[in-house]
Amino acid sequence: MSTVFRELLGVEKPIIAMCHFPPMPGSPLYDARAGLEGIKEWVARDIRHLQDGGVDAIMFCNEGDRPYTLKASPATLATMASVIGQLRSEIRVPFGVDVLWDPVAAIALASATGARFVREVFTGVYSSDMGLWNTNAGESLRFRRNIGADHVKLIFNINAEFAGFLGQRPLPLIAQSVVFSSLADVVAVSGTMTGQAPQLPDLELVKRAVPDTPVVANTGVRAENVREILQVADGVIVGTALKQDGNTWKPVDPDRVKRFVGAARG
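Take a look at the structure:
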């Protein structure tokens, strides 16, 4: 069994909680009245609630930047780097980053902020809400090497949200392929979109296909299903279930965090 999570996060089956940034400058839903200070206050509050609730790690993501693009804007990267940097002293747990849907930008942000991992869609060609989506894992990993960021681990989301494969390969074969040829550190299995759980049989098949690589449930994990999912998965990434009223776009609910962590750890 891989020791990636033990070495990276200090636990074997981590709860990785999403800290969703609200819309940032240039995004259609950006709140210019609240401004950058409003973004910082939002993120700081969510960090506090997640850490106090007992999660093992936090992942920062520009979830509010709808509609999503396949190349991150300079404003998004600059805002995320600035806010994470200003709040760095308040972050007590390991953290990672995700920039939708730009792997190179996410690796750059991780290197600049001290993040330990990145989650992204690194491989495959998709018909998506963002148009035709083509990826380039070779470019991303070479960029990581060129900037001296080999210590940043890569979580490969192998079935992208808001998108469908153009190929016909089954998930277990894709998992084997990305571990063998694209050097995935961790494999993530998603539902069809944010907040939708992956099918448990899919998790089981993927885990069986790559037994020596950590496999995480990437979406739709809730207090009601986390124990069952962790019987198969090596960890979970959770966002929506920790929000007020289970609404992706609302702030983190501290009571929901505590319930989730309690359910996960029994």
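Residue 50 is where the sequence shown starts when you use my numbering, and the numbers rise one by one after that. Note that the Cβ used here is the ideal one computed from N, Cα and C, for glycine as well. Quick caveat, the model's predicted, so the values are computed rather than measured.
With contacts defined by Cβ atoms closer than 9 Å, I65 and V201 do not form a contacting pair. Residue pairing for F109: DSSP places it in a beta bridge opposite C68 and V146.
Pairing N208 with D261, the inter-Cα distance amounts to about 20 Å.
For I133, the enclosing alpha helix (DSSP H) stretches over residues P123 to L136. Sorting R165, R168, L203 and R271 by C-alpha distance to the C-alpha of R314 places R271 at the top.
With respect to the 9 Å criterion, V153 and F192 are classified as neighbours on the basis of their beta carbons.
The shortest C-alpha to C-alpha distance from L291 to any of V310, A130, N185 and L203 is the one to V310. Within the same chain, Cβ atoms closer than 7 Å to the Cβ of Y175 are found at W182, A209, A212, G213, F214 and L215, the five residues on either side in sequence being excluded. The closest CA to that of H98, considering only Q225, P303, R165 and V53, is found on P303. When only Cα atoms are considered, L58 and S51 end up about 13 Å apart.
Between F171 and S189, the CB-CB gap stays under 9 Å. Within the segment 188 to 212, the runs of beta strand (DSSP E) that reach at least 3 residues and sit entirely inside it are, in chain order, 202 to 206.
If you compare the alpha carbons of K62, C68 and I223 with that of L254, the shortest gap goes to I223. Shown here, K299 sits in coil according to DSSP, grouped into three states, outside any helix or strand.
Residue environment for N206: buried (at least 16 other C-beta atoms within 10 angstroms of its C-beta). A check of alpha carbon separations from P123 across A93, G187 and M73 identifies M73 as the nearest.
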